[in-house]
Amino acid sequence: MTPALDPALVDRFKGRDILSTRDFTREEILFVLDAARLFADGGGEEARPLRGKVLATLFFEPSTRTRLSFEAAIKRLGGNTIGFADAGVSSAAKGESLHDTVRVVEGYCDAIVIRHPREGAARLAAEATRLPVVNGGDGSNQHPTQTFIDLYTIREARGRVSGLHIGFLGDLKYGRAAHALITAAAAMGNRLTLVSPVELRLPGSIMEELKEAGVKPVQTSDLEAALGDLDVLYVTRIQQERFHDPLEYERVRNAYRLDRKTLEGAGRKLSILHPLPRVREIDPEVDAMEGALYFRQAHNGVTVRKALLSLLLGVLP
Amino acid sequence: MTPALDPALVDRFKGRDILSTRDFTREEILFVLDAARLFADGGGEEARPLRGKVLATLFFEPSTRTRLSFEAAIKRLGGNTIGFADAGVSSAAKGESLHDTVRVVEGYCDAIVIRHPREGAARLAAEATRLPVVNGGDGSNQHPTQTFIDLYTIREARGRVSGLHIGFLGDLKYGRAAHALITAAAAMGNRLTLVSPVELRLPGSIMEELKEAGVKPVQTSDLEAALGDLDVLYVTRIQQERFHDPLEYERVRNAYRLDRKTLEGAGRKLSILHPLPRVREIDPEVDAMEGALYFRQAHNGVTVRKALLSLLLGVLP
Amino acid sequence: MTPALDPALVDRFKGRDILSTRDFTREEILFVLDAARLFADGGGEEARPLRGKVLATLFFEPSTRTRLSFEAAIKRLGGNTIGFADAGVSSAAKGESLHDTVRVVEGYCDAIVIRHPREGAARLAAEATRLPVVNGGDGSNQHPTQTFIDLYTIREARGRVSGLHIGFLGDLKYGRAAHALITAAAAMGNRLTLVSPVELRLPGSIMEELKEAGVKPVQTSDLEAALGDLDVLYVTRIQQERFHDPLEYERVRNAYRLDRKTLEGAGRKLSILHPLPRVREIDPEVDAMEGALYFRQAHNGVTVRKALLSLLLGVLP
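Chains as they are written, first to last, in the working numbering: chain A, 1 to 317; chain B, 1 to 317; chain C, 1 to 317.
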């Protein structure tokens, strides 16, 4: 059963920007997860609460998954979208500032989703307009709706988002999605184990932040040893361009690849997440395993975004 | 008058993939043509049967006509679309497999139209998902909705799709649309005449297939001689890149160009089809002739696709 | 209060093309401005008069602002769009003529907006189809909906579109938006002052046209002297590619840049318009000034286009 939503919190989300998970309290994050439940399995669609609303999707950098999932969310609720899928067809090509583009588009729509290669671009956009702005990823910085989706998927599978032992695997140095979830998972009260090659360890600054929050994650390069005790494993893509030495890349890539054999050592109920796209980190033979949640996680993107857009636009059923 | 549709056949199309015309029996093809009649001239639009449905149009290769006509079909019925118009903005650019892209998008929509440069891509996509997949063209292989549109247009003009004498003109070696229609027209019981330069004759494998089906098309290089007795002439584009010798290309292109003069020798009621785009195969002066059906054929794309999408999604009025 | 619209004029706009402001009488232009008022501030949206309608947006050249604003207009009124955002994904890439593309798309939609780098392309499109065609900009020629928006914005701010003193600043040689507004403003009975570097003065042909209409604009290079007496200042972008000498470009660009200091000499109620995007012509510090109307002007794009589309499609509330 979904608990009734607190009207004070509903109110707090009206017109709000979604720029960084750091802007949300623990209570607010849990509230979003509660609200999202109302939208699972086609929930909220019948009433078409976003009828006549227009969402702008400004993608200065392509991202199929994020764009399509936002567009599906608003269209399933009866709204529509305008926008562009890459910067080439935007006014930016004519030298227009991001500020001006946002000020102009503000007159065309009810909310703006922005994806931009530059860190801080979403906040800059939010400062330019009175409309709610959703950060769909700004460089290596934030992608907050992804974090809500990750947490929603974990709660759906495990019944809670605290008191779990969560492992992170792969590129923890550059992986934006992993950074945000690590911070949020720590704040929620989970035990963390970080598995990565030495070259791709979590940045010191985030490690410091965790320490200040009283969390001390285990760091290791040994995947198999780590697996036994985990409830959740969050896998990320290791990108070739991070390595100077192609041989080193090959070695790392093979060492951190999940297949059925690797997973034999894992707990029976291990939940496996991945923000996708995957390249070779997870063998397709894993897809059919019960704990393989990454496609479910992708599908939850529509559920969570339906909830967020309804909250921001003040039309929660 | 449109005959009432057989409920058993309606049922057989629910959730079905449209991958190749070879997957359909003669009865099923005729059924699709019957169903399409319900959608002619704005038919089926008032009730908005696809309200709230989302169709994904995944175009890994650009195709204005096919994409716009599918999008018009679903939008006219009250649904909406998500997707991309070329591979550059898709996750494929990040190395994602087609299988994964389809598995992800499955969670965003109710049906998928895919266009892909690789043969077999549509079937691969269909295997990845429980949703109905429509092949919008996979390399030189199939483009089945085009064949349904061709047959629908022929029946609209001639009252039937069997017992006709159908000519095919132009590039019969590489022309995907021609291949599929030749096979279907043969199976439907039509007489075939194939007009092409020797270099661009129908492949032996398809010729063999026709022979096994008991059909023996006439092959000729002489357009004018062939014209006199035809009911229908299906013209295809001759692409320069098929020729090593530019002079040879020029010669062929001029020999197989339809204009009013060429058509003087044709039967009065000759119906001319072309899957479009045309480049120089048909002189614009032909457009105003009564039998010039190629633009009508393009417009029928929306009618036939409205019918197919309604059938697959189980919302036939 | 909006006056009731003249039914004879409503009728005259049904199915009409919007190709050039020259095609409209003074009375018709004022009628469009009157009709637009009905659509201000979300007007006309509740009834969703364009439900089930499909607008094709054929952009053979990218233009975020124009495309997004047309798409927002039709979507806010309950309709939908099909189209492409740049020529790369259109059939033109396969050698199809504009005529054929339009003839094909005609079967998919209810009206066509076309943007094309070639002068005269919109009129050519209009000749190919019985559907209403709206020129969204054809090369350096026309962009008539921009002119309607400019006039609407002036009337909104000043209460009228005649008897004003209107200045034009910047590139008056190549600026399409300025040319059309200059001609229209002259025909409406306004006093004109043209401020530009000598290299970028209004072409002689337009000057001649004005003279024939009995209008004699003041031409000057001195911005500050001109400012004192103006009601409206229409600023345009000065593009670097117009100059052979980069130093000359720098000089001009700095001489014709509006900032708070420059504007000190202006009348208190000066209204500043710009078709956008701006690059450096107006300092962002001007944005907060009362007379800075350029973002309002951009937003009016949706209002005016909602009105025009409703008129052409014959669904004016």
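Just so you know, even glycine gets a beta-carbon here, dropped at the ideal spot from N, CA and C.
None of these values were measured; they are calculated from a predicted model.
The residue among B:M289, B:P275, B:V252 with its C-alpha nearest the C-alpha of B:K269 is B:M289. Listed along the chain, the chain B residues whose CB falls inside 9 Å of the CB of A:A178 amount to none; the nearest CB is some 17 Å away.
Contact check for C:L316 and C:V235: beta-carbon distance about 33 Å, past the 8 Å limit, so the pair fails to qualify. In chain order, R65, L276, F295, A298 make up the part of chain A whose C-beta sits under 7 Å from the C-beta of B:V104.
Nearest in C-alpha terms to C:L50, of all of C:G139, C:D110, C:R278, C:G83, is C:D110.
In the three-state scheme derived from DSSP, where H, G and I count as helix and E and B as strand, B:V232 is classed as strand. Not a single CB atom of chain C sits nearer than 9 Å to the CB of B:G43.
Residues of chain A whose Cβ lies closer than 9 Å to the Cβ of B:G214 do not exist; the shortest such Cβ separation is about 44 Å. In chain A, no part has a C-beta under 9 Å from the C-beta of B:V304; the shortest such distance is about 24 Å.
The three-state secondary structure of C:I282, taken from DSSP, is strand.
As a beta-bridge residue in DSSP terms, C:G83 pairs with C:T57. For B:S205, there are no neighbours in chain C by C-beta distance under 8 Å, as the nearest C-beta there is about 27 Å away. B:T101 belongs to the set of residues whose beta carbon lies under 9 Å from a beta carbon in chain A.
In this structure A:Q146 is buried. Its beta-carbon is surrounded by 16 or more other beta-carbon atoms within 10 angstroms. Proximity of A:V113 to chain C, defined by a Cβ-Cβ separation below 9 Å, is not satisfied. Judged by DSSP in its simplified three-state form, C:H274 adopts coil rather than helix or strand. Taking 9 Å as the Cβ-Cβ cut-off, the region 263-291 of chain C approaches chain A at L276, P277, R278, V279, R280, P284, D287, given in chain order. The beta carbon of A:A178 sits closer than 6 Å to those of F168, L172, T236, all from its chain and outside the five residues before and after it, given in chain order. Residue contact check for A:G136 against chain C: no CB pair falls below 9 Å. Identification of chain C residues near A:Y108 by a Cβ-Cβ cut-off of 7 Å yields L68, S69, A72, V302, ordered along the chain. Contact with chain C is found for B:R48, since one of that chain's Cβ atoms lies less than 9 Å from the residue's Cβ.
If you check each beta-carbon in the region 225-244 of chain B against every beta-carbon of chain A, none falls closer than 9 Å. In this structure, C:D86 lies away from C:F70, with their beta-carbon atoms at least 9 Å apart. Each of C:A121, C:G265, C:F84 was checked against the Cα of C:V133, and the nearest Cα belongs to C:A121. Looking only at B:L194, B:P62, B:A73, the smallest Cα-Cα distance to B:L309 is reached by B:A73.
The C-beta of B:P117 comes no closer than 9 Å to any C-beta of chain C. Boundaries of the beta strand (DSSP E) harbouring A:Q219: 218-220, taken from the DSSP string.
When Cβ pairs closer than 8 Å are counted between the two stretches, the region 98-112 of chain C is seen to touch the region 286-301 of chain B, the count reaching three or more. Ranked by how close their Cα comes to the Cα of C:L276, the residues C:E285, C:L77, C:K261, C:L293 have C:L293 in first place. Contact check for B:I82 and B:A56: beta-carbon distance about 5 Å, within the 8 Å limit, so the pair qualifies. The way I'd put it, the region 113-130 of chain B doesn't touch the region 150-164 of chain B; fewer than three beta-carbon pairs between them come closer than 8 Å. Within chain A, E45, E46, R48, R76, G78 have C-beta atoms less than 8 Å from the C-beta of B:G52, given in sequence order. With the rule of 3 Cβ pairs closer than 8 Å, the region 144-159 of chain B does not count as touching the region 210-223 of chain B.
Taking CB atoms only, C:A56 has a neighbour in chain B less than 9 Å away.
Shown here for B:R260: same chain residues with a beta carbon closer than 8 Å to its own, the five before and five after excluded, namely D283, E285, V286, M289 in chain order. For B:P62, a Cβ of chain C is located within less than 9 Å of the residue's own Cβ.
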